[in-house]
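Protein chains in written order, with this note's numbering: chain A, 34 to 194; chain B, 87 to 201.
Everything on this sheet refers to the single structure shown next.
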């Protein structure tokens, strides 16, 4: 079994409007990069549970754009952004939930090789303000379909937290 | 932002208010004691406290003359639970990613797991 971050750990930074998630995987950095940049693979895990992800645009190169729709029960939530950097152990990209088109998060994924085919993912999401960050976190408690839920889905469906 | 939780997070979106809360985790304090730490007016401190109070994060004694400010620690337990819920969503997503990674053929075998 993993030691360290076998389960995802989350941290809401005190000094900057950032959410950090750390999680260990039984895979190499290259495999994790593939699972994040191959559109078919990505659509299979990005979720959340019960949602179908349909990739509409996907150009996983420096400066390339992406866009996808997550659908459930006839409702659709669209997300888009740009791959700023796709490197061997690092992905930097922007993330926007189209329901809130003015809000852009900057997401940095760092894949730390732990050896033995294990990798630690350090995912950081920088949003516009503490209010936006905390509203995002807070929306995790909503159960109905409302704006908060859309924000939650934006976060939960991103796969790039 | 009308629901109680959003109100709490909103109240904590200000650095001075976060610092006040951090101070109140150590001990109750009067408005004057809190104001002494910041380069703002007593009135401004009262205003910040009002926001924290409205969000249910702190209470102020009605009896004592100096009306010390008290942190509602149980509220933070609730917030922690909500963040935990968010964390679990991330964890579920990464468990789906585990399953996808399992299928990548060049992946090293995981111990104790059916291949």
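We put the beta carbon where it would ideally sit given N, CA and C, even for glycine.
Residue-chain proximity (residue i, chain A), Cβ-Cβ < 7 Å
| i | result |
| --- | --- |
| residue 172 (chain B) | yes |
| residue 163 (chain B) | no |
| residue 90 (chain B) | no |
| residue 183 (chain B) | yes |
| residue 190 (chain B) | yes |
Residue i versus the options, residue with shortest Cα-Cα distance
| i | options | result |
| --- | --- | --- |
| residue 257 (chain B) | B:188, B:111, B:108 and B:117 | Because chain B here runs from 87 to 201, residue 257 (chain B) falls outside it and cannot be looked at. |
| residue 139 (chain A) | A:145, A:116, A:151 and A:120 | A:116 |
| residue 166 (chain A) | B:187, B:139, B:189 and B:172 | B:172 |
| residue 135 (chain B) | B:94, B:149 and B:180 | B:94 |
| residue 64 (chain A) | A:160, A:90, A:145 and A:130 | A:145 |
| residue 133 (chain A) | A:148, A:121, A:141 and A:114 | A:114 |
| residue 159 (chain B) | B:138, B:187 and B:153 | B:138 |
| residue 157 (chain A) | A:95, A:78, A:90 and A:143 | A:143 |
| residue 129 (chain A) | A:77, A:109, A:160 and A:170 | A:160 |
| residue 162 (chain B) | B:141, B:179, B:123 and B:125 | B:141 |
| residue 37 (chain B) | B:185, B:90, B:100 and B:113 | For chain B, the structure presents residues 87 to 201; residue 37 (chain B) sits outside this window and is missing. |
| residue 153 (chain B) | B:115, B:91, B:99 and B:106 | B:115 |
| residue 56 (chain A) | B:174, B:123 and B:189 | B:174 |
| residue 45 (chain A) | B:189, B:166 and B:185 | B:166 |
| residue 135 (chain A) | A:154, A:147 and A:162 | A:162 |
| residue 93 (chain A) | A:155, A:67 and A:148 | A:67 |
| residue 106 (chain B) | B:180, B:155, B:90 and B:179 | B:155 |
| residue 179 (chain B) | A:106, A:109 and A:78 | A:78 |
| residue 108 (chain A) | A:95, A:90, A:83 and A:91 | A:83 |
Check whether residue i and residue j have beta carbons under 7 Å apart
| i | j | result |
| --- | --- | --- |
| residue 143 (chain B) | residue 131 (chain B) | no |
| residue 150 (chain A) | residue 61 (chain A) | yes |
| residue 104 (chain B) | residue 97 (chain B) | no |
| residue 152 (chain A) | residue 75 (chain A) | no |
| residue 111 (chain A) | residue 86 (chain A) | no |
| residue 54 (chain A) | residue 72 (chain A) | no |
| residue 127 (chain A) | residue 119 (chain A) | no |
| residue 37 (chain A) | residue 182 (chain B) | no |
| residue 110 (chain B) | residue 157 (chain B) | yes |
| residue 177 (chain B) | residue 41 (chain A) | yes |
| residue 127 (chain B) | residue 164 (chain A) | no |
| residue 122 (chain A) | residue 141 (chain A) | no |
Amino acids of chain B, ordered along the chain, whose beta-carbon sits closer than 7 Å to that of residue i
| i | result |
| --- | --- |
| residue 164 (chain A) | 96 and 99 |
| residue 126 (chain A) | The premise fails here: residue 126 (chain A) is roughly 16 Å from chain B at the closest Cβ pair, so nothing lies under 7 Å. |
| residue 82 (chain A) | 178 |
Under 9 Å by beta carbon: chain B residues contacting residue i
| i | result |
| --- | --- |
| residue 134 (chain A) | Residues of chain B passing the Cβ test: none, with the nearest at roughly 19 Å. |
Test: residue i CB closer than 7 Å to a CB of chain B
| i | result |
| --- | --- |
| residue 77 (chain A) | yes |
| residue 64 (chain A) | yes |
| residue 167 (chain A) | yes |
| residue 51 (chain A) | no |
| residue 60 (chain A) | yes |
| residue 38 (chain A) | no |
Per-residue contacts from residue i into chain A (C-beta, under 7 Å)
| i | result |
| --- | --- |
| residue 180 (chain B) | 41 and 56 |
| residue 109 (chain B) | Correct list: empty, because the minimum Cβ distance to chain A is about 14 Å. |
Neighbour list for residue i in chain A, Cβ cutoff strictly below 8 Å
| i | result |
| --- | --- |
| residue 169 (chain B) | 43, 45, 170 and 173 |
| residue 186 (chain B) | 68, 74, 77 and 78 |
| residue 153 (chain B) | By Cβ distance, chain A contributes nothing, its closest Cβ being about 28 Å from residue 153 (chain B), past 8 Å. |
| residue 104 (chain B) | 47 |
Neighbouring residues, chain A, relative to residue i (Cβ below 9 Å)
| i | result |
| --- | --- |
| residue 146 (chain B) | What residue 146 (chain B) touches in chain A: nothing, since even the nearest Cβ is about 24 Å away. |
Partners in chain B for residue i, counting only beta-carbon separations shorter than 8 Å
| i | result |
| --- | --- |
| residue 146 (chain A) | Here the premise fails: no neighbours, minimum Cβ distance about 12 Å. |
Exercise. Is it a yes or a no for the region 85 to 102 of chain A touching the region 49 to 61 of chain A, going by three-plus beta-carbon pairs under 8 Å?
Worked result: no
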